[in-house]
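Here's the structure we're looking at; comments come further down.
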DNA sequence: CTATTCCTTTGACATAAATCAAAAACCAAC
DNA sequence: GTTGGTTTTTGATTTATGTCAAAGGAATAG
């Protein structure tokens, strides 16, 4: 899904407003496994995935990667706390496939928020959607057994299992690759 | 913290705007252990805790309560998905102490969002803050050991351990009361 | 088509946390 | 203070999941 359609689906904009807003975004193709943010950096950009797939992940002291989130087509992608609070990122952000991605700087986004009431509305709607999804995941991890968690995953990210390594999914669900492998059987 | 101060701390409002906004809120005192929303109901109100303490909790099939969130003074309190998406709530919402609480209906809140750009901004800021906090908890539960999780808890909700039963805190952290008791030792 | 690398599954064993049960500590009302 | 009820701690045992190690499959590049 492209950015323009996405914006239209959530807020009302006339042609001039839309093209003004789009002019602040930068569209670019990234190769597979491109790092967009390193841990410790302050994230200055918000991304929108038009096509492809990304993930955020955390590196534990023992060197193990833990996937925190997957970002598919038609979703905003960010190290949320770092971008919004301008604090050092706890996560890495990377592409998992060759991806078409829009980006916008914090400064420009804030400018759009104050310029257009509808953009502010968009920001609110998108934040709430992310919040709902994170709560949903939290519930899965906190209340449910390993099996149910895998079910949740299939609903939230259909067909993901064919696109990313099993280990990424396992760590996203808070279990080891071996456990997930046994569950699927 | 009262609502008026809270609003001022996040957005700019003149006296007229402020009093108009406040007029949509309803201030009330609730006794300890008052249920504000039952599981299965669609939540029509958003709450703001001026004073006191609330929590949301989930009831598992085996009848065990799992605390999902605590809401202290100066925080908005809601069954987020139910209120914002107008879907049946997965949680119960209750007061844990005698509390002074403001409430506003979804209809009135939406009205304020469209009437005032700043209210839309407030909605965005509050949503992002909630998102950040939920992500923080998710990290604690997903990445950290039981001990570290308890540490996170003390940071996020200082002095909570003197105000609510241990079992509530344990389930919030995704562990049993016995485990938490052993950890604290 | 073959070789190298990466990814997934399987097995044996270790461990953190859950469960069940009871005792101890704490608190409130009388 | 004594009583009754609630909350917290402690102990013994079970269980789910993690860890380590190796084998089996699948994918990619040359």
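Residue numbers (our numbering), protein chains in the order written: chain X, 1 to 185; chain F, 1 to 185. Quick reminder that beta carbons are idealized off the backbone N, C-alpha and C, glycines included.
| query | result |
| --- | --- |
| Start and end residues, alpha helix (DSSP H) containing residue 167 of chain X | 166-172 |
| Alpha-carbon to alpha-carbon, residue 133 of chain X and residue 78 of chain X | 14 Å |
| 7 Å CB neighbourhood of residue 124 of chain F in its chain, flanking five on each side removed | none |
| Where residue 26 of chain X sits in the DSSP three-state scheme | strand |
| Exposure of residue 35 of chain X, with buried meaning 16 or more beta-carbon neighbours within 10 Å | exposed |
| Run of the beta strand (DSSP E) containing residue 179 of chain F, from where it starts to where it stops | First-last for residue 179 of chain F: 177-184, but that is the alpha helix (DSSP H), not the beta strand (DSSP E). |
| Neighbour flag for residue 117 of chain X against chain F, beta carbons, 7 Å | yes |
| Integer-rounded CB distance, given that residue 52 of chain X should sit under 8 Å from residue 23 of chain X | Contact doesn't hold; Cβ gap of about 23 Å is too wide. |
| Interface partners of residue 58 of chain F on chain X, CB under 8 Å | 139 and 143 |
| Cutoff 7 Å: residue 121 of chain F Cβ touching any chain X Cβ | yes |
| Reference residue 187 of chain F, options F:21, F:28, F:3 and F:12, closest by Cα | The structure shown has nothing for residue 187 of chain F, since chain F only spans 1 to 185. |
| Opposing strand residues paired with residue 31 of chain X [DSSP bridges] | Per DSSP, none; premise fails for residue 31 of chain X. |
| Cβ pair count under 8 Å reaching 3, the region 43-58 of chain F against the region 75-93 of chain F | yes |
| Inter-residue Cα distance where the pair is residue 131 of chain X and residue 153 of chain X | 17 Å |
| Chain-ordered chain X contacts of residue 77 of chain F [CB-CB under 8 Å] | Near residue 77 of chain F there are no residues of chain X at all, since even the closest Cβ is about 14 Å away, more than 8 Å. |
| Residue 11 of chain X - DSSP class collapsed to helix/strand/coil | coil |
| Neighbour-count burial assignment, residue 50 of chain F, 16 or more Cβ in a 10 Å radius | buried |
| Enclosing beta strand (DSSP E) for residue 93 of chain F [first to last residue] | 92-95 |
| Helix, strand or coil at residue 38 of chain X [DSSP, three-state] | coil |
| Residues that residue 85 of chain F contacts on chain X, provided the C-beta gap is smaller than 7 Å | 132 |
| Exposure of residue 19 of chain X, with buried meaning 16 or more beta-carbon neighbours within 10 Å | exposed |
| Neighbourhood of residue 118 of chain F by C-beta distance below 7 Å, restricted to the same chain and skipping five residues each side | 11, 12 and 13 |
| Distance, residue 114 of chain X Cα to residue 7 of chain F Cα | 18 Å |
| Backbone secondary structure at residue 157 of chain X - three-state DSSP | coil |
| Residue 141 of chain F to residue 15 of chain F span [Cα, whole Å] | 43 Å |
| Nearest candidate by alpha-carbon position, reference residue 32 of chain F, set F:155, F:112 and F:96 | F:96 |
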